[in-house]
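One structure is given here, and the rest of the page talks about it.
Protein chains: 2
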Amino acid sequence: MHKNIPIDHPRYISLTIREKLVNGFKAGIVVPQGLMAHGRGEAFDYLLGENTTPSALYAEKAACCLLLISKHPVISVNGNTAALCSREIVELSKLLGASLEVNLFHQSQRRSHLIAETLIENGATQVFGLYSATRTMINGISSNRRFVDTFGMAKADTVFLALEDGDRCQALRSQGKNVISVDLNPLSRTAQASSITIVDNLIRAVPNMVNLTNQLRAEKVSELIKIVSEFDNETNLKYSTEVIRNGIQKRY
Amino acid sequence: MHKNIPIDHPRYISLTIREKLVNGFKAGIVVPQGLMAHGRGEAFDYLLGENTTPSALYAEKAACCLLLISKHPVISVNGNTAALCSREIVELSKLLGASLEVNLFHQSQRRSHLIAETLIENGATQVFGLYSATRTMINGISSNRRFVDTFGMAKADTVFLALEDGDRCQALRSQGKNVISVDLNPLSRTAQASSITIVDNLIRAVPNMVNLTNQLRAEKVSELIKIVSEFDNETNLKYSTEVIRNGIQKRY
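See the structure below:
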């Protein structure tokens with residue numbers, strides 16, 4: 027229980043999740059802009075009913091299948107992701123045999139290293155994206171996010187963007203990579219440009235994906251391919267927007 | 027132009043507004059939780075089309091009329107309000123003859139005084155809510171927001187909550203006070219409990235209210251009363267939720 031948040035506050039759960047980010051902020055891994063981005067996601071989560079919808083769970087399943095059949099899956103981690111679910115994201119990377127790479131919109135060497143340390147404290151054995159000597163530039167992005175690790179995201183066939191601002195998804199797609207994103211706004215550029223968009227709170231999505239991967243890794247590759255090929259991102263996104271629209275109606 | 031935000035970024039305007047809050051944060055007047063609350067509002071603003079809707083403008087007009095006919099109007103100011111529009115809020119308070127009172131969810135003497143200083147730098151001559159000697163408690167709130175100034179909000183007939191978390195509106199209403207709130211979420215408890223809810227970005231609402239007050243203060247009191255009595259908050263809020271619902275459909 028937080029000393030400043032009364033337990034009878036109707037938004038208690040949401041406020042305590044915010045505290046995780048505030049702690050991440052105090053530890054130097056979250057930037058002020060990341061706190062605002064979280065608030066934005068929180069609003070969409072509120073409209074979605076703060077639950078994993080059936081379409082989100084379906085996207086999570088398809089995402090796990092795609093990651094399992096990929097040759098070089100890479101999970102891109104930013105400050106908010108590290109603050110919210112380092113343990114779970116490391117667990118997922120191990121189950122999937124996926125690399126972890128730090129990639130920040132608001133770049134800083136110190137923060138990249140603090141995020142990497144957090145991941146390592148939570149069991150990661152290798153973290154990419156830390157050294158300028160192994161940096162490659164991707165076209166079509168003017169922010170610091172254009173830099174990727176030569177041995178990480180640059181050679182990835184599938185990139186899992188745990189949380190993103192939206193400027194990088196299209197550039198990665200145009201390089202022929204599969205992109206899986208977690209974005210609570212189904213209307214965002216990231217959501218629209220991704221191969222698979224998970225419209226869910228990262229706090230729910232990653233544990234779901236750990237469970238799903240544990241189930242799915244016993245499946246035949248042909249079955250995993252079938253699930254991925256049947257998944258239609260546009261149709262699935264439409265369902266999320268419907269949930270929001272109906273949610274607004276119901277609440278009113 | 028901000029060094030970290032490329033000018034071609036599609037969310038450039040929104041990102042530069044965020045910088046105002048980040049600066050307020052660095053100055054000690056905004057708390058991390060305030061940054062997240064801003065992000066939440068930003069998401070609703072995005073769904074509203076980032077424009078003042080006709081219903082928001084109508085609520086702003088009714089609000090100005092109500093404030094003009096009130097005996098003791100008080101404007102409640104928090105950290106985000108001070109960071110976003112100190113100059114405009116002071117201007118509005120002068121036009122209306124309204125008191126300014128600092129009231130914080132995440133209480134701190136130092137921050138209250140920093141906010142008061144910002145208001146004074148922007149032309150305010152008196153700021154309430156700073157001293158414990160003149161503190162009164164209102165019932166029905168368990169957070170620090172239960173404390174109001176004996177000579178400010180405690181004796182107010184109308185309170186303008188420039189930005190709120192929602193825990194205080196109902197308590198002020200049950201004390202028989204009129205409450206005007208600015209809240210981009212038309213479904214929030216604050217929005218639902220207010221006498222007049224302005225579903226608009228504060229950055230647009232306050233300058234609009236300055237202009238409206240300049241026009242309306244030449245009107246007869248009977249005309250102002252007529253406008254207030256004709257205003258129906260529930261109907262007006264429904265219109266805002268419709269704008270959001272239709273906006274989601276249109277964007278998709």
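Those protein sequence lines, which keep their order, are chains A and B. Numbering-wise, this note's numbering puts 227 at position 201 of the first sequence, and it's gapless, one number per residue. Numbering-wise, this note's numbering puts 236 at position 210 of the second sequence, and it's gapless, one number per residue. Beta carbons are placed, not taken as given, at the ideal position from N, Cα and C, and that holds for glycine. Remember, predicted model here, so these are calculated numbers, not experimental data.
**OP:** Output the distance between the C-alpha atoms of A/Ala142 and B/Tyr157, rounded to the nearest integer angstrom.
**Re:** 45 Å
Original post:
Tell me which same chain residues have a C-beta within less than 8 Å of the C-beta of A/Gly75, skipping the five on either side of it?
Top reply: Val269 and Gly273
Original post:
Using the beta-carbon count (16 or more within 10 Å), is A/Gly105 buried or exposed?
Top reply: buried
Subject >> A/Ala197 CB to nearest heavy atom of the ligand FAD below 7 Å >> reply: Among the ligands in the structure shown, none appear at all, so the ligand FAD cannot be discussed.
**OP:** Quick one: which residues of the region 48 to 74 of chain B get their C-beta closer than 7 Å to a C-beta of chain A? List them in chain order.
**Re:** Val48, Phe51, Pro58, Gln59, Leu61, Met62, Ala63, His64, Gly65, Arg66, Glu68, Ala69 and Phe70
Original post:
If you check the beta carbons only, do B/Leu83 and B/Asn234 fall under 8 Å apart?
Top reply: yes
Original post:
Between A/Pro198 and the rest of its own chain, which residues show a CB-CB distance below 6 Å, the 5 nearest in sequence each way excluded?
Top reply: First, the residue type needs correcting, since residue 198 of chain A is Leu and not Pro in the sequence shown. Around A/Leu198: Val185 and Val205.
Original post:
Exposed or buried, which one is A/Ser207 when buried takes at least 16 other CB atoms within 10 Å?
Top reply: buried
**OP:** Taking the CB atoms as reference points, tell me whether B/His64 and A/Gly65 lie closer together than 8 Å.
**Re:** yes
Subject >> Residue-level contact to chain A via CB, B/Thr267, 8 Å cutoff >> reply: yes
Subject >> Residues in the region 244 to 270 of chain A having any Cβ partner in chain B nearer than 7 Å >> reply: Lys264, Thr267 and Ile270
Original post:
Given a threshold of 16 other Cβ atoms within 10 Å of its Cβ, counted over all protein chains shown, does B/Pro80 qualify as buried or as exposed?
Top reply: exposed
Subject >> Span separating the alpha-carbon of B/Gly54 from that of A/Leu94 >> reply: 47 Å
**OP:** Please classify A/Ser102: is it buried, with 16 or more other beta-carbons within 10 angstroms of its beta-carbon, or exposed?
**Re:** buried
**OP:** Indicate the three-state DSSP secondary structure (helix, strand or coil) for A/Pro212 in the structure shown.
**Re:** coil
Original post:
Just the Cα atoms here: how many angstroms apart are A/Thr151 and B/Met179?
Top reply: 57 Å
**OP:** In angstroms with no decimal places, state the Cα-to-Cα distance between B/Asn148 and B/Pro99.
**Re:** 20 Å
Subject >> Proximity below 8 Å, CB of B/Leu47 to CB of B/Ala109 >> reply: yes
**OP:** Could you name the residues of the same chain whose beta carbon sits closer than 7 Å to that of A/Leu122, not counting the 5 residues immediately before and after it, in chain order?
**Re:** Leu93, Leu94, Pro99 and Thr239
Subject >> Extent of the continuous alpha helix (DSSP H) run through B/Ile141 >> reply: Gln135 to Glu147
**OP:** Use the C-beta contact count for B/Gln218: other C-beta atoms within 10 angstroms, 16 or more gives buried, fewer gives exposed.
**Re:** buried
**OP:** Could you round the C-beta distance between B/Val128 and B/Gly155 to whole angstroms and report it? I think they count as a contact, below 8 Å.
**Re:** 4 Å
Subject >> Interface flag, B/Arg44 vs chain A, CB-CB below 8 Å >> reply: yes
Subject >> Unbroken beta strand (DSSP E) run spanning B/Val100, endpoints >> reply: Pro99 to Val103
**OP:** Mind listing the chain B neighbours of A/Gln196? Cutoff is C-beta to C-beta under 7 Å, in chain order.
**Re:** Those do not exist, as A/Gln196 stays about 11 Å from chain B at its closest Cβ, beyond 7 Å.
**OP:** Compile a chain-ordered list of the residues in the region 102 to 128 of chain B whose CB is closer than 8 Å to at least one CB of chain A.
**Re:** none
Original post:
Can you round the beta-carbon distance between B/Ile224 and B/Cys111 to whole angstroms, since I take them to be within the 8 Å contact cut?
Top reply: Not really, about 13 Å apart at Cβ, beyond 8 Å.
Original post:
Can the beta-carbon of A/Asp183 be found closer than 8 Å to that of A/Ser96?
Top reply: yes
**OP:** Could you tell me if A/Ser119 is buried or exposed, where buried requires 16 or more neighbouring beta carbons within 10 angstroms of its beta carbon?
**Re:** buried
Original post:
Hey, is A/Ile274's beta-carbon within less than 8 Å of any beta-carbon in chain B?
Top reply: yes
**OP:** Measuring alpha carbon to alpha carbon, tell me which of A/Arg137, A/Cys91, A/Glu260 and A/Ser125 ends up nearest A/Lys252.
**Re:** A/Cys91
Subject >> B/Glu117 to B/Ser220 span [Cα, whole Å] >> reply: 23 Å
**OP:** Enumerate in chain order the residues of its own chain whose CB-to-CB distance from B/Glu86 is below 8 Å, with the five nearest sequence positions on each side excluded.
**Re:** Thr78, Ile224, Asp226, Ala231, Asn234, Met235 and Leu238
Subject >> CB contact check: B/Leu130 to chain A, cutoff 8 Å >> reply: no
Subject >> Complete runs of the alpha helix (DSSP H) confined to the region 71 to 130 of chain A [at least 4 residues] >> reply: 80 to 95 and 105 to 122
Original post:
Are there 16 or more other CB atoms within 10 angstroms of the CB of A/Arg44, so buried, or fewer, so exposed?
Top reply: buried
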